[in-house]
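Undergrad: Just so we're aligned: 85 in UniProt numbering is position 85 of the sequence shown, and the numbers increase by one with no gaps anywhere.
Glycine is no exception: its CB is placed at the ideal position from the N, C-alpha and C atoms.
In this text the structure is predicted, and so the values were computed from the model without any measurement.
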Amino acid sequence: MNSSAFIVTLVGTIFSFFVILLNIFLLYSTRKKKHEIVLFYFRFYIDVVFGLSYFLYSFFILGFAVYESSFFISNSYLFWLGLPFSNASAARNFLVLIIVLDRCLATYLPIKYHKIRPNFPNSILFILPILFSGIEDFVIIYICGRTSELIKGTCVALPCTLNTCAYSWWTSYKEVIFPIIIFFTIILCVKLFLFSKKLKDSTAATRANRLALIDAFLIFTFDFVPSFLANQFPNSPLIAYSTTGPVSAMLKQTGRAIESMIVVEILVRRNSKVEESRKKSSQPPVAILSRH
1 MNSSAFIVTL VGTIFSFFVI LLNIFLLYST RKKKHEIVLF YFRFYIDVVF GLSYFLYSFF
61 ILGFAVYESS FFISNSYLFW LGLPFSNASA ARNFLVLIIV LDRCLATYLP IKYHKIRPNF
121 PNSILFILPI LFSGIEDFVI IYICGRTSEL IKGTCVALPC TLNTCAYSWW TSYKEVIFPI
181 IIFFTIILCV KLFLFSKKLK DSTAATRANR LALIDAFLIF TFDFVPSFLA NQFPNSPLIA
241 YSTTGPVSAM LKQTGRAIES MIVVEILVRR NSKVEESRKK SSQPPVAILS RH
């Protein structure tokens with residue numbers, strides 16, 4: 001039994017369960033105000049798919065970790081089982097890039113951007129991340145030739161099923177998109193922190209900016225850093241997918257779970273407290289006194 005892969009996968013599975021539940025809750029709780037946070041509303045959908053794809057993927061990894069070569073299917077199937085999770089991750093990262101760019105333009109060029117923004121339907125902005133994940137499949141399957149010819153019996157994750165070309169793409173494109181996200185996040189932070197007194201954002205815009213910053217920070221911590229280390233130190237025992245299991249996937253689920261809890265606090269709990277206080281303050285004094 002590969003105990004390391006079992007523990008890593010189980011931790012990721014537990015967090016993915018929270019990701020699924022919390023994002024379904026967010027979709028339900030924010031359905032009346034989704035026009036204010038429409039891009040984030042799309043992200044909630046992707047995170048549900050993200051969690052579900054990992055949940056299915058992890059079931060088979062746990063099987064390989066326990067039964068190894070005696071499992072009822074070959075570990076070469078991990079490629080097809082892990083690909084939907086990888087696609088959901090790629091789509092989500094691209095959507096976060098769109099969100100951060102959207103916040104930067106709305107903050108730096110508010111008047112011009114709000115005139116131009118209606119010309120770009122939200123449906124297009126939602127399709128772009130899906131197309132980006134399709135590019136990942138095209139490169140890995142058709143250009144790189146899909147999987148490695150020799151998959152070790154100890155392989156218990158998608159990355160070790162990839163050949164050199166596919167693995168290089170799988171890690172390298174992230175080293176491009178993540179720095180771009182971080183770059184625009186820094187620009188957004190400069191505007192928000194240095195010129196916060198001059199900015200007259202609405203409550204919805206302030207909330208969207210805060211969510212964009214949280215997104216970028218957690219992506220840097222739980223996505224970019226592990227991917228960078230995996231690319232720079234492929235032989236490190238900490239990220240050896242044939243022995244330790246899907247470490248990067250587990251870290252992504254951890255980041256998504258933490259983020260989902262923070263978003264629930266910002267969009268649901270904090271908002272309900274504000275609405276409750278408004279209702280109390282709007283009550284006529286006579287009604288309040290009558291209670292006493």
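Can you tell me where the alpha helix (DSSP H) holding Asn255 begins and where it ends?
TA: In the sequence on display, residue 255 carries Gly and not Asn. Segment Val247 to Val264, the alpha helix (DSSP H) holding Gly255.
Undergrad: Quick check: the region 205 to 219 against the region 95 to 113, are there 3 or more CB pairs under 8 angstroms?
TA: Result yes; three or more Cβ-Cβ pairs closer than 8 angstroms.
Undergrad: Among the candidates Lys32, Leu21 and Val156, whose CA atom is the shortest distance from the CA of Gly82?
TA: Selected option, being the one with the closest Cα: Val156.
Undergrad: Does DSSP classify Thr154 as helix, strand or coil?
TA: Three-state result, Thr154: coil.
Undergrad: With a threshold of 8 angstroms, are at least 3 pairs of Cβ atoms found where one atom belongs to the region 259 to 271 and the other to the region 165 to 180?
TA: Contact fails: fewer than three Cβ-Cβ distances are below 8 angstroms.
Undergrad: Tell me where the alpha helix (DSSP H) around Tyr142 begins and ends.
TA: No alpha helix (DSSP H) contains Tyr142, which DSSP labels as neither H nor E.
Undergrad: Assuming Lys112 is part of the alpha helix (DSSP H), what are its boundary residues?
TA: Element bounds for Lys112: Pro110 to Ile116.
Undergrad: Go ahead and pull the three-state DSSP assignment for Ser74.
TA: In the structure shown, Ser74 sits in coil (DSSP, three-state: anything other than H, G, I, E or B).
Undergrad: Given Leu52, which residues of its chain have a CB within under 7 angstroms of its CB, disregarding the five upstream and five downstream residues?
TA: Counting only Cβ-Cβ distances below 7 angstroms, and skipping sequence neighbours, we find Ile20.
Undergrad: For Tyr54, count neighbouring C-beta atoms within 10 Å of its own C-beta (all shown protein chains included) and say buried if the count is 16 or more, exposed if not.
TA: With 16 or more Cβ atoms within 10 Å of its Cβ, Tyr54 is classed as buried.
Undergrad: Do Phe17 and Ala65 have their beta-carbon atoms positioned less than 9 angstroms apart in this structure?
TA: Their beta carbons are not under 9 angstroms apart, which means Ala65 does not touch Phe17 by this criterion.
Undergrad: Using the C-alpha atoms, what's the distance from Asn122 back to Ser248?
TA: Ser248 and Asn122: Cα-Cα distance of roughly 30 angstroms.
Undergrad: Following the continuous alpha helix (DSSP H) through Ile127, name the residue where it begins and the one where it ends.
TA: Looking at the DSSP string, the run of the alpha helix (DSSP H) that includes Ile127 is Asn122 to Asp137.
Undergrad: In angstroms with no decimal places, state the Cα-to-Cα distance between Ser29 and Asp47.
TA: Roughly 15 angstroms separates the two Cα atoms.
Undergrad: Assign Thr244 to one of three DSSP states: helix, strand, or coil.
TA: It is coil, neither helix nor strand.
Undergrad: For Tyr108 and Phe193, I'd like the C-alpha separation in whole angstroms.
TA: Going from the Cα of Tyr108 to the Cα of Phe193 covers about 13 angstroms.
Undergrad: Comparing alpha-carbon positions, which option in Leu26, Thr154 and Gly153 lies nearest Arg269?
TA: Comparing Cα positions, the closest option is Leu26.
Undergrad: Return helix, strand or coil for Ile182, following the three-state DSSP convention.
TA: Ile182 falls in the helix class under three-state DSSP.
Undergrad: Report all residues from its chain with a CB closer than 8 angstroms to the CB of Met250; omit the five preceding and five following residues, and keep chain order.
TA: Taken in chain order, the residues that qualify are Val8, Thr9, Val11, Gly12 and Phe15.
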